[in-house]
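Enquirer: Counting in this note's numbering, the sequence shown runs from 125 upward without gaps. For every residue, glycine included, the Cβ atom is placed at its ideal position computed from N, Cα and C. All values reported here derive from a predicted model rather than from experimental measurement.
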Amino acid sequence: MANTPTPHIGAMPGDIAESILLPGDPLRAKFIAENFMEDIKQFNSIRNMYGFTGTYKGERVSVMGTGMGCPSIGIYSYELINFYGCKNLIRVGTAGALVGGINLREVILAMGACTTSGFIENFNLPGTYAPICSYELLSKAVEASKALGIKAHVGNVLTSDNFYAIGREANFGTKWNEMGCLAVEMEAAALYANAAAGGANALAILTVSDSTVTGEAATAEERQTSFTNMIKIALETVTAK
125 MANTPTPHIG
135 AMPGDIAESI
145 LLPGDPLRAK
155 FIAENFMEDI
165 KQFNSIRNMY
175 GFTGTYKGER
185 VSVMGTGMGC
195 PSIGIYSYEL
205 INFYGCKNLI
215 RVGTAGALVG
225 GINLREVILA
235 MGACTTSGFI
245 ENFNLPGTYA
255 PICSYELLSK
265 AVEASKALGI
275 KAHVGNVLTS
285 DNFYAIGREA
295 NFGTKWNEMG
305 CLAVEMEAAA
315 LYANAAAGGA
325 NALAILTVSD
335 STVTGEAATA
345 EERQTSFTNM
355 IKIALETVTA
365 K
């Protein structure tokens, strides 16, 4: 494609598969490639945002980090969709539980993504857009989780621009969970909007890394290397027939 390599992805046409996993952490992308994929080849190291293409069960799959927040995943997902022809994009990341009954390390399949971000305002739509996932990917992910025996919660999440509670009211999380949001994260809404605009499929598969209800939290190392259930579900989803 004429616009490749891009300013942020050093790949050539054909280097990236149509289906790609998108962790925020580039080291998690490296971990996924080295531990779940075969015949891997690195296609990106610009800004240390590692990207790899390989195979899973004989099917060609890519994985690349996206960084944190809507602007960052917005850049990478736009280029992947519009310049590299990616058709199935699955975010594999972490989220903070906003409701009780969802435990640390459990998986959430984000059906929709409410947001406090201004990212979607840039689409200049004549109303309020509701970012939702691809039903095709969601249904495959539900089936994959059942086949793997992995408990997965399906529902709405909140995509927030703030990681820390700067300027938030004390009951910020309570207000969102009262509207049915299971957890808070930082990228899904932007990914869903870019996918919708670009005619691609997108889904966020999230592991609960901390809880606003119980105060529990995983370590940075655990987040990078031990949240493998969402990876298994994602890989089974993108290779399902």
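Give the straight-line distance between the Cα atoms of I274 and E158, rounded to the nearest whole angstrom.
Expert: I274 and E158: Cα-Cα distance of roughly 22 Å.
Enquirer: G148 to A135, Cα distance in whole Å?
Expert: Spanning the two alpha carbons is a distance of roughly 19 Å.
Enquirer: Please check the pair L306 and G279, which I expect to be a contact at CB under 8 Å, by giving their CB distance rounded to whole angstroms.
Expert: Right, their Cβ atoms sit about 5 Å apart.
Enquirer: Taking DSSP as the reference, what is the three-state secondary structure of N318?
Expert: Helix, per DSSP.
Enquirer: Going by DSSP, name the residue or residues bridged to T361.
Expert: In the DSSP output, where bridge partners are listed per residue, T361 has none listed.
Enquirer: Grab me the residues of A319's own chain with a C-beta within less than 8 Å of its C-beta, minus the 5 sequence neighbours each way, in chain order.
Expert: These residues qualify, in order along the chain: S201, I205, L213, S258, N325 and A326.
Enquirer: Would you grab the beta carbon distance between I140 and L272 for me? Rounded to a whole angstrom, and I think it's under 8 Å.
Expert: Going by Cβ atoms, the distance from I140 to L272 rounds to 26 Å, so no, they are not a contact pair.
Enquirer: In whole angstroms, give me the CA-to-CA distance for I226 and K264.
Expert: Straight-line Cα distance between these residues: approximately 22 Å.
Enquirer: Could you check whether E162 and Y180 sit closer than 9 Å to each other, using their CB atoms as the reference points?
Expert: In contact: Y180 and E162 (Cβ atoms closer than 9 Å).
Enquirer: Please give the ranges of any beta strand (DSSP E) in the region 304 to 353, keeping only runs that are unbroken, at least 3 residues long and fully inside the region.
Expert: As far as the region 304 to 353 is concerned, its whole beta strand (DSSP E) runs of at least 3 residues are 305 to 309 and 325 to 335.
Enquirer: Looking at the strands, I want to know which residues DSSP matches up with H277.
Expert: Answer is I232.
Enquirer: Spell out a yes or no on whether the region 337 to 356 and the region 224 to 238 are touching, meaning 3 or more CB-CB pairs, one atom from each, closer than 8 Å.
Expert: Yes, since at least three Cβ pairs between the region 337 to 356 and the region 224 to 238 fall closer than 8 Å, the two stretches touch.
Enquirer: Assuming K165 is part of the beta strand (DSSP E), what are its boundary residues?
Expert: Here the beta strand (DSSP E) through K165 covers E162 to N168.
Enquirer: Candidates T130, T361, T240 and K365: which alpha carbon is nearest F287's?
Expert: When only C-alpha atoms are compared, the closest one is T240.
Enquirer: Do I156 and H132 have their beta-carbon atoms positioned less than 9 Å apart in this structure?
Expert: No, the Cβ-Cβ distance between H132 and I156 is not below 9 Å.
Enquirer: V308 and G220 look like a contact to me (Cβ under 8 Å); what is the Cβ gap, rounded to whole Å?
Expert: 5 Å between Cβ atoms; contact.
Enquirer: Let me know if M303 comes out buried or exposed under the rule of 16 or more other beta-carbons within 10 Å of its beta-carbon.
Expert: Flag for M303 reads exposed.
Enquirer: Under the three-state reduction of DSSP, which class applies to I133: helix, strand or coil?
Expert: Coil.
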